[in-house]
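Residue numbers (the numbering used here), protein chains in the order written: chain V, 1 to 107; chain P, 1 to 107. The beta-carbon is built from N, C-alpha and C at its ideal position, and this holds for glycine as well. Before any comments, here is the structure.
Number of protein chains: 2
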Amino acid sequence: MPRTKIYKSGIKAAIHQTARDLYESGVIDRQTMRRFDESCLTPVHAFTGEEIRALREREAVSQTVFAHYLNVTKDSVSQWERGQKKPAGASLKLLSLVERNGLAAIA
Amino acid sequence: MPRTKIYKSGIKAAIHQTARDLYESGVIDRQTMRRFDESCLTPVHAFTGEEIRALREREAVSQTVFAHYLNVTKDSVSQWERGQKKPAGASLKLLSLVERNGLAAIA
DNA sequence: CAATATATAGAACTCTGTTCTACATTTCAA
DNA sequence: TTGAAATGTAGAACAGAGTTCTATATATTG
């Protein structure tokens, strides 16, 4: 179904650096650079407790270890998974990164 | 000053995957795996407003764009930089990742 | 069996992060 | 030059995330 080829990690960083270089040398203007910046972020979406648990188990770590990776408490992870609290902001971003790139991406 | 050589990104992920494989095949026990997990995380430290601003300017983006990367509001970034609010938890983790690996690492 | 690791439970509390409005400055295109 | 857009500051009110504490239950392991 996906028409767009998924490139390996590193590509994104390279493209980004190139865009920044173009901006700094005046080839592209600030607005273009800004739109580029905002358009190539990994999409952040809401997570259900089930999804968070599945994600953690996919990475084969305990709640405690998972919590250490995200720099939050184990209790928070437990509450997320049970739907008692819902992660937001930076927590959501980290979960999205783990979902897409794995735990090692934020080690 | 640093005695330990800093390896390029990718190495960490590889080591991690290897450790997990060893664990899953029963070569190392769960406790060892856990200690390994907790010992190889990027250290998370507090940031002053100055440091956050310097970090953002190093990445050459506006507060708005920086905020988009972290999935927080531009106001939060502004308040961090002025010392009015102090990032914690997942926000701190993201800042540490940016500090060490650059903005592209969390794109 | 005893000790440890893991996960749940709930309650009280702190304070981040959000939201809103307003305003000053700078940048850039018309 | 003029006006629109981008950027950053400011403060206040608010919701709720994240912390902390204690207690309990289960499963695993030595």
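Distance, V:Gln63 Cα to V:Asp29 Cα: Here the model assigns V:Asp29 a pLDDT of 48, short of 50, so the residue's position is not dependable, and the following value carries that caveat. Those two C-alpha atoms are separated by around 45 Å.
Cβ-Cβ distance between V:Val98 and V:Glu59 below 9 Å: A contact, by the Cβ cut-off of 9 Å.
Interface partners of V:Lys85 on chain P, CB under 7 Å: Going along chain P, no residue has its Cβ under 7 Å from V:Lys85, so there is no contact; the nearest lies around 12 Å.
CB contact below 9 Å: V:Ala107 versus chain P: Taking 9 Å as the CB threshold, V:Ala107 lines the interface with chain P.
Integer Cβ distance of V:His68 from P:Leu41, believed to fall under 8 Å: That pair is a contact at about 6 Å.
Under the three-state DSSP convention, the category V:Gly102 falls into: Here V:Gly102 carries a coil assignment [DSSP, helix/strand/coil].
Rounded separation between V:Ala105 and P:Ala104 - CA only: Rounded to the nearest whole angstrom, the CA to CA distance from V:Ala105 to P:Ala104 is 12 Å.
Three-state secondary structure assigned by DSSP to V:Gly110: Residue numbering for chain V in the displayed model covers 1 to 107; residue 110 of chain V lies beyond these limits and cannot be assessed.
P:Ser91: contacting residues in chain V (beta-carbon distance under 8 Å): Going along chain V in sequence order, the residues near P:Ser91 (Cβ under 8 Å) are Gly89, Ala90.
Closest residue to V:Phe47 among V:Asn101, V:Asp75, V:Leu70, V:Lys85 (Cα-Cα distance): When each option's Cα is compared against that of V:Phe47, the closest is V:Lys85.
Between the CA atoms of V:Ala54 and P:Leu94 - distance to the nearest angstrom: Each residue's CA atom was taken as its position, placing P:Leu94 and V:Ala54 some 22 Å apart.
Counted within 10 angstroms of its Cβ, other Cβ atoms place P:Pro43 as buried (16 or more) or exposed: Exposed, by the Cβ-count rule.
Range covered by the alpha helix (DSSP H) that runs through V:Val65: 63–70 is the span of the alpha helix (DSSP H), which, as asked, contains V:Val65.
Whole-angstrom C-beta distance between V:Val61 and P:Gly89, which should lie under 8 Å: Going by Cβ atoms, the distance from P:Gly89 to V:Val61 rounds to 18 Å, so no, they are not a contact pair.
Selected residue, minimal CA-CA separation from P:Ile52, among P:Trp80, P:Gly102, P:Asn101, P:Ser91: Nearest option by C-alpha distance: P:Trp80.
Under 9 Å by beta carbon: chain V residues contacting P:Val44: Close to P:Val44, with beta-carbon spacing below 9 Å, are these residues of chain V in chain order: Asn71.
Distance CB(V:Phe66)-CB(V:Arg56) smaller than 9 Å: Yes.
Beta carbon proximity, P:Ile28 to chain V, threshold 9 Å: Bear in mind that a pLDDT of 49 at P:Ile28, under 50, signals an unreliable position, so the number given afterwards is only what the model happens to contain. Output row for P:Ile28: interface = no.
Interface residues of chain V facing P:Leu94 [CB-CB closer than 7 Å]: In chain order: Ala90, Lys93, Leu94.
Anticipated Cβ contact below 8 Å, V:Ser91 with V:Leu70, distance rounded: V:Ser91 to V:Leu70, Cβ: 7 Å. Contact.
Cα-Cα separation between P:Ser78 and V:Gly102, rounded to whole angstroms: When the Cα atoms are used, P:Ser78 and V:Gly102 turn out to be separated by approximately 30 Å.
Short CB-CB distance (under 9 Å) between P:Ser76 and chain V: Closer than 9 Å to some Cβ of chain V, the Cβ of P:Ser76 qualifies, so yes.
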